[in-house]
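Trainee: Here it is: the structure, laid out below.
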Amino acid sequence: MKKFTFLTLMIISWAISPMIFADGLETFANFPETGNTYEDGTFIGQDGSMWTYYQCRGDKLITNETPCLGKDRVPTAEIYSGTITGGCLTLNFDYMQAFSTNVNLEVYINSFLVTTVTTSGEQGIVKNTGDIFVNIPGDFTIRFIQADNLSGQVSIDNIAWVSGGAINPEPTNYPTNFVASAEGFSINLNWDDATGEQLPLAYLIFGSDNANIDPPEDGIPVEDDINLSDGWATVNVSYGIETYTFIGLPSSSTYYFKIFPYTNTGSDIDYKTDGTPPETSATIPDLVVINFEDFNDTTLGTWTQISVVGPDQFWYAEDYYGIEDSPCAKMSGYSGGSNENDDWLISPPMNFNSFTNESFSFYSAMNYTGPDLEVKISVDYDGGGAPYSATWNLLTVVLSQGGWQWTPSGNIDVSGFNGTEVYIAFQYTSNNQESATWEVDNILITGEGNAGINEFTGGFEYKIYPNPASENLNVNVAEGNYELKIHTISGKLVFVKSINNKTNTLNLSELDKGIYFV
1 MKKFTFLTLM IISWAISPMI FADGLETFAN FPETGNTYED GTFIGQDGSM
51 WTYYQCRGDK LITNETPCLG KDRVPTAEIY SGTITGGCLT LNFDYMQAFS
101 TNVNLEVYIN SFLVTTVTTS GEQGIVKNTG DIFVNIPGDF TIRFIQADNL
151 SGQVSIDNIA WVSGGAINPE PTNYPTNFVA SAEGFSINLN WDDATGEQLP
201 LAYLIFGSDN ANIDPPEDGI PVEDDINLSD GWATVNVSYG IETYTFIGLP
251 SSSTYYFKIF PYTNTGSDID YKTDGTPPET SATIPDLVVI NFEDFNDTTL
301 GTWTQISVVG PDQFWYAEDY YGIEDSPCAK MSGYSGGSNE NDDWLISPPM
351 NFNSFTNESF SFYSAMNYTG PDLEVKISVD YDGGGAPYSA TWNLLTVVLS
401 QGGWQWTPSG NIDVSGFNGT EVYIAFQYTS NNQESATWEV DNILITGEGN
451 AGINEFTGGF EYKIYPNPAS ENLNVNVAEG NYELKIHTIS GKLVFVKSIN
501 NKTNTLNLSE LDKGIYFV
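Structure below.
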């Protein structure tokens, strides 16, 4: 009888304490934050590694010390371990939606996305992931990061993992339907995941300006090098994602790609290289920048604001909150309450007769409730003031859905509009009941053809050649004093020079190869 009782108690103990059998456990006992402010820092985890956190608070507890990752923080809220030995076979943890916004948290082992946990209106409810099958042998790291700016505050605790991870053979098959397509200064890669008895852990993609691409070697991991503009790039993409985009590529350039599925990591990495690896290519067209505005000089730049209704609120350049915390254009009809507004942000005149296949893109962010921003184009606006004196065509664009989420518009085809003075405008409206806040950044209008950049902004003309340039760049301007600035495609200022001659030659040899805006 005693023996029977002892065995029964052991079975009950097993049932109510499953985590005691895990090989690794992190309860964040050394996490130092206890308050309601978002902080950055480090601490030594129970696994012995150095954990690092960004924009986490410590007052939304699951059990004792608990990091809570913030929403829409700069930098993005995350927490990750140092190197842990012994491999990871399975992983589970507790998580809790801390406030009203739903959870959307990504979990990585090494650089591989192993799961995304979500909630739906479950504030204050502690959930457990259940066992996540990882199967990564050797050294590994654990990383939790908010998926996007709309991801709600989330507390995580009691991370448990089982050590191990089998060494798998190489993947059975290659992925299929591997396709590259150029879009503006970017190339999008898409494929269908490999199938078969042995599925890949991830894919290694090689990109090159040379069609001859050698395969990788087993046992030698390849780190990411995502800058394809210099002629060579490598990127690892987790199984299940099926897409990747290379950005900032020079016009009139052709790039070639091969994709290799693999299993395992570190010195055990096993690439599939037999047979014929999938390959594809794409060419960036002969693109010319007709207009680019990032508002980084904290003015509206070449764009003009016109307030039709509501003179006390108007478009202006915000010093921060733009892409990568840079300046942006902003409009809100709220001032002590919602107000009626009709405000326009209008481009300079653009000569579309000099180009073909014109395309337009931008980023938008929005918060609060109110009418959607409208984006319009006109070929008969006189540039002199009242926009309603002209005919405006509504463009179909992708807009931010709220929560200050910066959202790309996609490439908008405006090639159906011709003329020597074409205008694009953002129209903001609000009323006495509701007034959203809208922000716009990184406006880009491109076309094909013409060797150089000709821009007409209120009568000012300049020409830049050759384009592309390898070392020296010639700039022709009218007589006068000017300041020339060169930005990267992400808006970072990398070159400034005062010019006052009609013809100026600039040495740009110290700049990396890539796309720049003047």
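Heads up, the sequence shown is in our numbering, so the first residue is 1 and it goes up one at a time.
We put the beta carbon where it would ideally sit given N, CA and C, even for glycine.
1. On the DSSP bridge assignment, give the partners of Val237 in chain order.
2. State buried or exposed for Val154, treating a residue as buried only when at least 16 other CB atoms are found within 10 Å of its CB.
3. Report the rounded CA-to-CA distance for Ser281 versus Ala211, giving the unit in angstroms.
4. How long is the line joining the alpha carbons of Pro277 and Ser364, rounded to whole angstroms?
5. Which of helix, strand or coil does DSSP assign to Tyr320?
6. I'd like to know if the segment 191 to 211 and the segment 252 to 267 are in contact, where contact means that at least 3 CB-CB pairs between them fall below 8 Å.
7. My understanding is that Tyr271 touches Leu204, with C-beta atoms under 8 Å, so please give their C-beta distance in whole angstroms.
8. Using the Cβ count rule (16 or more neighbours within 10 Å means buried), how would you classify Gln427?
9. What is the rounded straight-line gap between the Cα of Asn357 and the Cα of Gln305?
10. Can you give me the C-alpha to C-alpha distance between Asn317 and Phe495, rounded to a whole angstrom?
11. Return yes when at least one heavy atom of the ligand ATP lies under 8 Å from the C-beta of Ser335, else no.
12. Can you tell which of Ser120, Val134, Asn104, Thr42 has the C-alpha that lies nearest to the C-alpha of Asn110?
13. Consult DSSP for Leu373 and reduce its assignment to one of helix, strand or coil.
14. For the beta strand (DSSP E) that Phe426 lies in, which residues bound it at each end?
15. Taking the Cβ atom as the reference point for each residue, do Met156 and Asp72 lie within a distance shorter than 9 Å?
16. Do the CB positions of Ala160 and Leu91 come within less than 9 Å of each other?
17. CA-CA distance, Gln401 and Met366?
18. Considering only the beta carbon of each residue, do Glu242 and Asn190 sit closer than 9 Å?
19. Going by DSSP, which residues form a beta bridge with Tyr174?
20. Pull up the distance between the alpha-carbon of Ser229 and that of Phe246, whole angstroms please.
21. With DSSP run on the structure shown, which of helix, strand or coil describes Ser267?
22. Taking all protein chains shown into account, do 16 or more other C-beta atoms lie within 10 angstroms of the C-beta of Asn291, making it buried, or fewer, making it exposed?
23. Between the alpha carbons of Thr407 and Ile187, how many angstroms are there, rounded?
24. Leaving out five residues on either side along the sequence, give the residues of the same chain with a beta carbon under 6 Å from the beta carbon of Thr437.
25. Do you know offhand how far Glu412's Cα is from Ile284's?
26. What did DSSP end up calling Phe520 once you bin it into helix, strand or coil?
27. Out of Tyr262, Tyr239, Gln433, Val179, point me to the one whose CA is closest to Pro215's CA.
28. CA-CA distance, Gly33 and Phe43?
29. So, using beta-carbon positions, are Gly152 and Thr119 closer together than 9 Å?
30. Assuming the contact rule is C-beta atoms closer than 8 Å, Asn418 and Asn353 should be a hit. Round their C-beta distance to whole Å, please.
Mentor: Let me spell this out:
1. On the sequence shown, residue 237 is found 237 positions in, with the first residue counted as 1. In DSSP, Val237 forms a bridge with Tyr203.
2. Indexing the sequence shown from 1 puts residue 154 at position 154. Buried is the call here.
3. For the purposes of this step, residue 281 is identified with residue 281 of the sequence shown, where counting begins at 1. For the purposes of this step, residue 211 is identified with residue 211 of the sequence shown, where counting begins at 1. Here the C-alpha atom of Ser281 lies approximately 9 Å from the C-alpha atom of Ala211.
4. By 1-based counting over the sequence shown, the position of residue 277 is 277. By 1-based counting over the sequence shown, the position of residue 364 is 364. Annotation: Pro277 to Ser364 spans about 39 Å, alpha carbon to alpha carbon.
5. Looking up residue 320 in the sequence shown gives position 320. Residue state, collapsed to three classes: coil.
6. yes
7. On the sequence shown, position 271 is the one that residue 271 refers to. On the sequence shown, position 204 is the one that residue 204 refers to. Rounded, the Cβ-Cβ distance is 7 Å, consistent with contact.
8. As a first step, residue 427 must be located in the sequence shown, where it is residue number 427. With 16 or more Cβ atoms within 10 Å of its Cβ, Gln427 is classed as buried.
9. In the sequence shown, residue 357 corresponds to position 357, counting from 1. In the sequence shown, residue 305 corresponds to position 305, counting from 1. Here the C-alpha atom of Asn357 lies approximately 27 Å from the C-alpha atom of Gln305.
10. Counting from one through the sequence shown, the residue named residue 317 turns up at place 317. Counting from one through the sequence shown, the residue named residue 495 turns up at place 495. The sequence given here has Ala at residue 317, not Asn. Roughly 22 Å between the two C-alpha positions.
11. The ligand ATP is not part of this structure, which contains no ligands at all.
12. On the sequence shown, position 110 is the one that residue 110 refers to. Nearest in C-alpha terms to Asn110, of all of Ser120, Val134, Asn104, Thr42, is Val134.
13. For the purposes of this step, residue 373 is taken as the residue at position 373 of the sequence shown. Reduced to three states, the DSSP call for Leu373 is coil.
14. Position 426 of the sequence shown holds residue 426. Per DSSP, the continuous beta strand (DSSP E) segment holding Phe426 begins and ends at 423 to 430.
15. Position 156 of the sequence shown, counted from the start, is the residue given in the question as residue 156. Position 72 of the sequence shown, counted from the start, is the residue given in the question as residue 72. At residue 156 the sequence reads Ile, which differs from the Met that was named. No, the Cβ-Cβ distance between Ile156 and Asp72 is not below 9 Å.
16. Locating residue 160 in the sequence shown gives position 160, where the first residue counts as 1. Locating residue 91 in the sequence shown gives position 91, where the first residue counts as 1. In contact: Ala160 and Leu91 (Cβ atoms closer than 9 Å).
17. Locating residue 401 in the sequence shown gives position 401, counting from the first residue. Locating residue 366 in the sequence shown gives position 366, counting from the first residue. If I take the Cα positions, the gap works out to 7 Å.
18. Taking the sequence shown and counting its residues from 1, one reaches residue 242 at position 242. Taking the sequence shown and counting its residues from 1, one reaches residue 190 at position 190. A contact, by the Cβ cut-off of 9 Å.
19. As a working mapping, residue 174 is identified with position 174 in the sequence shown. Per DSSP, none; premise fails for Tyr174.
20. If you number the sequence shown from 1, residue 229 lands on position 229. If you number the sequence shown from 1, residue 246 lands on position 246. The straight-line gap from Cα to Cα measures roughly 9 Å.
21. Here residue 267 refers to the residue found at position 267 when the sequence shown is read from its first residue. The answer is helix: DSSP assigns Ser267 an H, G or I state.
22. Residue numbering aside, residue 291 sits at position 291 when the sequence shown is read from its first letter. Burial call: buried.
23. Counting from one through the sequence shown, the residue named residue 407 turns up at place 407. Counting from one through the sequence shown, the residue named residue 187 turns up at place 187. Going by C-alpha positions, Thr407 is about 18 Å away from Ile187.
24. The count along the sequence shown starts at 1 and reaches residue 437 at position 437. Counting only Cβ-Cβ distances below 6 Å, and skipping sequence neighbours, we find Ser332, Asn367, Tyr368.
25. On the sequence shown, position 412 is the one that residue 412 refers to. On the sequence shown, position 284 is the one that residue 284 refers to. What sits at residue 412 in the sequence shown is Ile, not Glu. The straight-line gap from Cα to Cα measures roughly 17 Å.
26. Coverage of the chain is limited to positions 1 through 518, which leaves residue 520 absent and any answer about it impossible.
27. On the sequence shown, position 215 is the one that residue 215 refers to. The residue with the shortest Cα to Cα distance from Pro215 is Tyr262.
28. In the sequence shown, the residue the question calls residue 33 occupies position 33. In the sequence shown, the residue the question calls residue 43 occupies position 43. Here the sequence assigns Glu to residue 33, which means Gly is not the residue at that position. Roughly 10 Å separates the two Cα atoms.
29. Working through the sequence shown from its first residue, we reach residue 152 at position 152. Working through the sequence shown from its first residue, we reach residue 119 at position 119. Contact: yes.
30. The residue you call residue 418 lines up with position 418 of the sequence shown. The residue you call residue 353 lines up with position 353 of the sequence shown. Right, the Cβ-Cβ distance comes to about 6 Å (below 8 Å), so this counts as a contact.
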